[in-house]
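Following: one structure in structure tokens, then a few remarks.
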Amino acid sequence: MPNAITKKLLHLFNVRPAELPLVGLMLLYALLMGIPGIITETTSYALFLERFSAQSIPYIYIGFALVATALGLLFTRLEPKLSRSTLFLALLAAIAIPILIFRLLLAFSSADWPVIGLTIWADATWVFINLAFWGLATHLFTLRQGKRLFGLLGAGLIASEVVTGLMIPLLVSFIGTVNLLLVAVIAIVGALVVQTIIVRGYDHHLNPQDDERLFFEEKAWWQLVHQPYIALIFGLAALNLMAYFFIDNLFYIQVEHKYADIDTLAGFIGTFFASAGLLTATLGALVSGRFLNRYGLQAGLLVLPVVLLVGIGLTIGARVMPPAGLLLFWMVIGVKLSNEVLKDSTNEAATLVLYQPLPAGQRMQIQTAVESIIRPLAAGITGLLLLLMSAVLPTSGLYLEIGVAILLIGWLALAVILAKKYTQVLMKTLTRRKLDGAVLTLEDETSLTTLEQALHHPSPQVALYALNMLRADRAIKVLPELLYHPADEVRQAALLKIEQMHLTTAIEAVEQCLTQAEAVHIKTSAMRTLAAIDNIKALEQIFPYLDASDTALRQGAITCVINYGNPELAMVAEGRLLHWVVSLTPTDRINAAKIIGDVSNRNLHHPLRQLLRDDDCNVQRAALAAAGKTGYPQLWSDVVAALDSPTTRGAAAAALVAGGEAALPVIQTASNRPDLPPATQLRLIRVISRIGGPQATTLLLQHLNTPHEALRMAILTGLDHLDYEANAQEQPWLMQQIEREVGQAAWLLAAMADLEQVDPTNEATPSSLPFLLTVLRTQLARALDRIFFCLSFLYKGEGLLKIRNTLTTSSAEQRAYALEMLDTILPSPLKQQILPLVEPLSSAQRLNRLRLLFPQEQLDGATRLIRLLDPSATDVDDVWLWICTIHTIGTLPQFEPHLKKADLLDSIAPHLSAAPDTLMVETAAWTLARINAAAQFTARWPQLTDALPSTHPINPGEIPMLSTLEKVIFLKNVNLFKETPDEILTQLATLLEEVEVPAETAIFEKGAPGDCMYIIISGQVEVHDGDHILNVLTAGDVFGEIALLDAQARLASVVAETDTHLLRLDQEPFYELMEDHIEVVRGVIVVLSGYLRDLLTKVDPLEAQSSPLEEFKSATLKTE
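If you read the sequence shown in the working numbering, its first letter stands for residue 206, the second for the next number, and so on.
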């Protein structure tokens, strides 16, 4: 635990205790990374000015422009191909190796070109330092962490520059200027050691950060220039950089004249940059933010060019008033120092504000374009201009200073224009509600003023957006005014803010809102707000509303009086509440539950328990929501019990999640019950995962040994969601879990290999064998998913789940790369188990590779079917696989002669004892009827007679009712359910109603409400609009599925042309299934997205057809 001093320091620098080790390493990394930049720049320019005149520096700018452009293109090509750790290693190597090479060249060659190359590379070094340092930082920290910590980390770089700069004169006196490059290399080696520790220890912190980014249509930077605001930003950056390079040239001209000795020159340059860094840090910490907040964006943009223009004016004056001498030198030094300090403090802060109205991704794109495109371009143009000026004008610094002045005047004009444009763009962005407030905050005066103006926008969405973005201290002034806004949504939001801030200065405005508002929900919100900020006076106004005619007003008054009233008044309000609890009207009981959920100061668990056990499911759901809010420990067992009911399980799960860790003890007790159904256990696992925290992680790990594969999958998914990483004690246990899953995968492979050998053209082959093979392949894929989850907990940060995804969805080249990564990451024992499962091999080949570790017997197809039903074959309870196997046996065209019925009956019997699955019972009965073995089974197993429903053999010519599993197979052909797991489809199949429609009978008419979909089992239907036939559908086709989601009028009529057998699914039970299973919702979204893509692909506005309405109907009637 951190001591008191450490806690104070953490609080001072806004660092959380868990972040301390990583932040400490990153600060050490920053201190080391700043050394090569300042040393390389100091050494290179000292050597350059020893051999060349400062008039030659423009060639360096041009060289930097070419080198930076080439490096940018190279980096763009390499970045997608390298892993993050390799990329960061390459960046450090790109800093150290050239510096070392230049040092060797300088030692063995007296030529001038190594000095020129080193000077060009000095600027490139800073590019690589920023890419490495800030690239690593942005990958290790989320955007919210970055807002807190990046200022501190940036201060580490500045501190490194300051300390190194001050040390350079001392180092030069001992080792000389040239050998400073060796110090830079040593620093990079140290940085590499620290970087390796960070990448290996904290790589699991890598965050895609998509939770805080906005999606936008990405364009090339030159396409963005067409937008005036972005063009102005690029123009301002170009003038800023060109002025910088002009002043830089002036600076080195003066330094060259002042210091002839190389060591003295290097010492001065180092000291200068150290002083600039110290002043930048001081100004950035103490002045810049306050200046920008007080005076606004325009002042922030203008301060640097104004200071520089004044400085250049004084410099020109000093030059034209001889003798200039020392005064001119210090004037130029002052201008350069002002540029260095203000550029990286006040001007940088103001420039970042300019990016705020832009989408988050576009901000990054434009900032990158400024550094990688505009900066080299400005350097190249400046170099050419300086060379041109030196060729046509007399050699004099005066013309450089005049050139700087011209650039500064243009910079000032552009800054004024851009500041005005910013306000317009920000208001426009607020109007469109696209500002990403989670990424950047609005703190400067200009932005805050614009936000306050947006509060009074006639659009409530704009006003609400501005209110959420506004800083609390500014909101205090405007919140009372917002209670008179014409939009109810804005007034309600203002009332909530006033309540949260306990803003007593708004009491009068809230009172007027209560008495004058016409909307009931505004009155109730005003009641609550007034009671919260002035409860004594407020209750006098609220108490009469206990007898209001409007139910919502009475509900609001009861809640306020119970929460804020004295005991006597509260008892009166509780009496009204209890009257609603026992009311015969469900609406009253629902209101009672809502009130209890909003009451915080009373123990009302007895009436709430009564409502939890109400006969009306709507009342139960309201009571469950209240139980989640109140967190009464006495009620958690009732909430857990509600998970068993289809009508309340969703509300019960939400209530348990709302209860948080307080609900975990009851959940643990319930989940340990041996008689708990797996479906309920699965819901509890998902609830535990959503609650999160160390207790939830421990509880999930306790259940990972379950034999139910669906439960293990849910547990592993939950652990991944909780960012679990195995410690040293848990790693051997996880290795055993992996071995268990690989053993299950080998067993599945053996079954697949045997059944794949069955001749599909053989008349004795069961008709549903392809479906069983699909189930086996799905189970194998899930076993692999579980294996990779376990691996990701052992090797956190290695991207194993991404590798798994690549192996299943990507191109052959990417899969090969993923296999290579896997081969690199895994130790040899694990490679022997896992690689055979993921390499592109057949089932038999995979099985052969695993045979030594997990031997499996080879069987004929019929015997394998029997063996699949043997519970002792594996330690896994795969109920779904057993059901599918039993169903497959029932589809045998004729019973295999060598397959003894006694063996089959003995294999089915264990699955019908000890509380069998309902679908298992149904499928077993269906299969026994198909193979005419029901009587033989009951004779052999008389104790299981009651477990089977009554069945009769299928007579020749008889059309049997479809089994649930057959319905699942039909559902798999419906696009809407292709992404839905088979086990969930079994629940959906039970909701299907079989419908027999005689020939020439209408199924539905055009204009009728659409509230169901149909699947054609057999027969043929005609889709028509009046006399015009739009489509003819046959067995396997589906129509009306979109009606499940949107009950609109039918676009056409559908009539059965022949006797037709249909499956019908109604909307209401489908909604209940979606509420309980996110997988169904995900599948619906995928399919609807596919429909939209197909429609956009087919629509060509340039090729209008003669009857687009009819063609559209014909194309879409399968979904409408």
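Every residue, glycine too, gets a C-beta built ideally from N, C-alpha and C.
Everything numeric in this text was worked out from a predicted model, so none of it was measured.
1) Answer yes or no: do Leu559 and Ile438 have a C-beta to C-beta separation smaller than 7 Å?
2) Just to confirm, are Gly588 and Ile267 a CB contact at a threshold of 7 Å?
3) Suppose only complete runs of 3+ residues qualify. What are the beta strand (DSSP E) ranges in the segment 1187-1225, listed by chain order?
4) So what's Ser1258 in DSSP terms, helix, strand or just coil?
5) Does the structure place the segment 1175-1186 close enough to the segment 1068-1081 that three or more beta carbon pairs sit under 8 Å?
6) Please report how far the alpha carbon of Glu224 lies from the alpha carbon of Ile402, in whole angstroms.
7) DSSP three-state label for Asn796, please.
8) Could you give the first and the last residue of the continuous beta strand (DSSP E) run that contains Val1237?
9) Determine the closest residue to His811 out of Pro791, Leu782, Ala342, with distance taken between C-alpha atoms.
10) Output needed for Glu1361: all residues of its chain with C-beta closer than 6 Å, excluding positions within five of it in sequence on either side, in chain order.
11) Check Arg854 in the structure and name its three-state DSSP category.
12) Name the two residues that bound the continuous alpha helix (DSSP H) containing Arg781.
13) Helix, strand or coil: how does DSSP classify Leu225 here?
14) Does the beta-carbon of Pro319 have 16 or more other beta-carbons within 10 angstroms, so that it is buried, or is it exposed?
15) Of the residues Gln705, Arg696, Leu444, Phe346, which one's Cα is nearest the Cα of Gln717?
16) Under the rule that 16 or more other beta-carbon atoms within 10 Å means buried, what is Gly1288, buried or exposed?
17) What's the gap between the Cα of Trp1085 and the Cα of Arg917?
18) Could you give the distance in angstroms between the alpha-carbon of Leu271 and the alpha-carbon of Leu278?
19) By the DSSP assignment, the alpha helix (DSSP H) with Leu1046 in it spans what residues?
20) Measure the CB-CB distance between Ile265 and Thr330 and report whether it falls below 7 Å.
21) Nearest-angstrom Cα distance between Ser1223 and Ile1136?
22) Return helix, strand or coil for Arg1269, following the three-state DSSP convention.
23) Can you tell which of Ala831, Leu869, Ala875, Ala867 has its C-alpha closest to the C-alpha of Ala856?
24) Could you tell me the distance, in whole angstroms, from the CA atom of Val844 to the CA atom of Asn335?
25) Comparing C-alpha positions only, which one of Gln934, Ala933, Ile893 sits nearest to Leu921?
26) How is Asp317 classed by DSSP in three states: helix, strand or coil?
27) Along the chain, where does the alpha helix (DSSP H) containing Phe1059 start, and where does it finish?
28) Which partner residues of His913 appear in the DSSP bridge assignment?
29) For Leu960, which of Glu944, Arg982, Gln942 has the nearest alpha-carbon?
30) Let's test the definition: count the other Cβ atoms within 10 Å of the Cβ of Thr1014 and tell me whether it reaches 16, buried, or not, exposed.
31) Within its chain, find whatever has a CB closer than 6 Å to the CB of Tyr750; leave out the 5 residues flanking it on each side and keep chain order.
32) Is His662 helix, strand or coil by DSSP?
33) Is it right to say Asp328 is buried, meaning 16 or more other beta carbons lie within 10 angstroms of its own, or is it exposed?
34) Using only the alpha-carbon positions, how far apart do Ile250 and Gly1004 sit?
35) Out of curiosity, what's the CA-to-CA distance linking His726 and Val862?
36) Can we say the segment 1225-1236 touches the segment 1258-1266, given the rule of at least three CB pairs closer than 8 Å?
Considering the structure as presented:
1) On the sequence shown, position 354 is the one that residue 559 refers to. On the sequence shown, position 233 is the one that residue 438 refers to. Closer than 7 Å, so yes.
2) Taking the first residue of the sequence shown as 1, we reach residue 588 at position 383. Taking the first residue of the sequence shown as 1, we reach residue 267 at position 62. Yes; because the gap between Cβ atoms is below 7 Å, this pair is in contact.
3) 1198-1202, 1206-1209, 1217-1223
4) Here residue 1258 refers to the residue found at position 1053 when the sequence shown is read from its first residue. Three-state result, Ser1258: strand.
5) no
6) Position 19 of the sequence shown, counted from the start, is the residue given in the question as residue 224. Position 197 of the sequence shown, counted from the start, is the residue given in the question as residue 402. Distance between the alpha carbons of Glu224 and Ile402: 15 Å.
7) Start at 1 with the first residue of the sequence shown, and residue 796 comes out as number 591. Asn796 falls in the helix class under three-state DSSP.
8) Taking the first residue of the sequence shown as position 1, residue 1237 is located at position 1032. Here the beta strand (DSSP E) through Val1237 covers 1233-1239.
9) Here residue 811 corresponds to residue number 606 of the sequence shown, with the count starting at 1. Measuring from the Cα of His811, the nearest candidate turns out to be Leu782.
10) What is shown of the chain runs 206 to 1325, which leaves residue 1361 out entirely.
11) Taking the first residue of the sequence shown as 1, we reach residue 854 at position 649. Arg854 falls in the helix class under three-state DSSP.
12) Against the sequence shown, residue 781 aligns to sequence position 576. Unbroken alpha helix (DSSP H) run through Arg781: 772-786.
13) Indexing the sequence shown from 1 puts residue 225 at position 20. DSSP places Leu225 in helix when its eight states are reduced to three.
14) Along the sequence shown, one-based indexing puts residue 319 at 114. It counts as buried.
15) Position 512 of the sequence shown, counted from the first residue, corresponds to residue 717. Closest by alpha carbon: Arg696.
16) Mapped onto the sequence shown, residue 1288 falls at position 1083. Buried, because 16 or more other Cβ atoms sit within 10 Å of the Cβ of Gly1288.
17) Taking the sequence shown and counting its residues from 1, the one referred to as residue 1085 is at position 880. Taking the sequence shown and counting its residues from 1, the one referred to as residue 917 is at position 712. C-alpha separation (whole angstroms): 15 Å.
18) In the sequence shown, the residue the question calls residue 271 occupies position 66. In the sequence shown, the residue the question calls residue 278 occupies position 73. Roughly 11 Å separates the two Cα atoms.
19) Residue mapping note: residue 1046 aligns to position 841 of the sequence shown, counting from 1. No alpha helix (DSSP H) contains Leu1046, which DSSP labels as neither H nor E.
20) Translated into the one-based positions of the sequence shown, residue 265 becomes position 60. Translated into the one-based positions of the sequence shown, residue 330 becomes position 125. Their beta carbons are not under 7 Å apart, which means Ile265 does not touch Thr330 by this criterion.
21) For this step, residue 1223 is matched to residue 1018 along the sequence shown. For this step, residue 1136 is matched to residue 931 along the sequence shown. For Ser1223 and Ile1136, the distance between alpha carbons rounds to 24 Å.
22) Taking the sequence shown and counting its residues from 1, one reaches residue 1269 at position 1064. Strand, per DSSP.
23) As a first step, residue 856 must be located in the sequence shown, where it is residue number 651. Nearest option by C-alpha distance: Ala831.
24) In the sequence shown, counting from the first residue as 1, residue 844 sits at position 639. In the sequence shown, counting from the first residue as 1, residue 335 sits at position 130. Each residue's Cα considered, the two are about 54 Å apart.
25) Stepping through the sequence shown from its first residue, residue 921 is reached at position 716. Checked all of Gln934, Ala933, Ile893; the closest Cα to Leu921 is Ile893.
26) Position 112 of the sequence shown, counting from 1, holds the residue named residue 317. Looking at Asp317 - three-state DSSP - the assignment turns out to be coil, as it is neither helix nor strand.
27) The residue you call residue 1059 lines up with position 854 of the sequence shown. That residue, Phe1059, is in no alpha helix (DSSP H); it is neither H nor E in DSSP.
28) In the sequence shown, the residue the question calls residue 913 occupies position 708. The partner list for His913 (beta bridge, DSSP) reads Asp1082.
29) The residue labelled residue 960 in the question sits at position 755 within the sequence shown. Cα-wise, what sits closest to Leu960 is Arg982.
30) Reading the sequence shown from its first residue, position 809 is the one you call residue 1014. Exposed, by the Cβ-count rule.
31) Here residue 750 refers to the residue found at position 545 of the sequence shown. Excluding sequence neighbours, Tyr750 sits near Leu758, Ala762.
32) Mapped onto the sequence shown, residue 662 falls at position 457. Of the three classes helix, strand and coil, the one that applies to His662 here is coil, per DSSP.
33) Numbered from its first residue, the sequence shown carries residue 328 at position 123. Per the 10 Å Cβ criterion, buried.
34) For this step, residue 250 is matched to residue 45 along the sequence shown. For this step, residue 1004 is matched to residue 799 along the sequence shown. Note on residue identity: the sequence assigns Tyr, not Ile, to residue 250. Spanning the two alpha carbons is a distance of roughly 44 Å.
35) As a working note, residue 726 is residue 521 in the sequence shown. As a working note, residue 862 is residue 657 in the sequence shown. Distance between the alpha carbons of His726 and Val862: 28 Å.
36) yes
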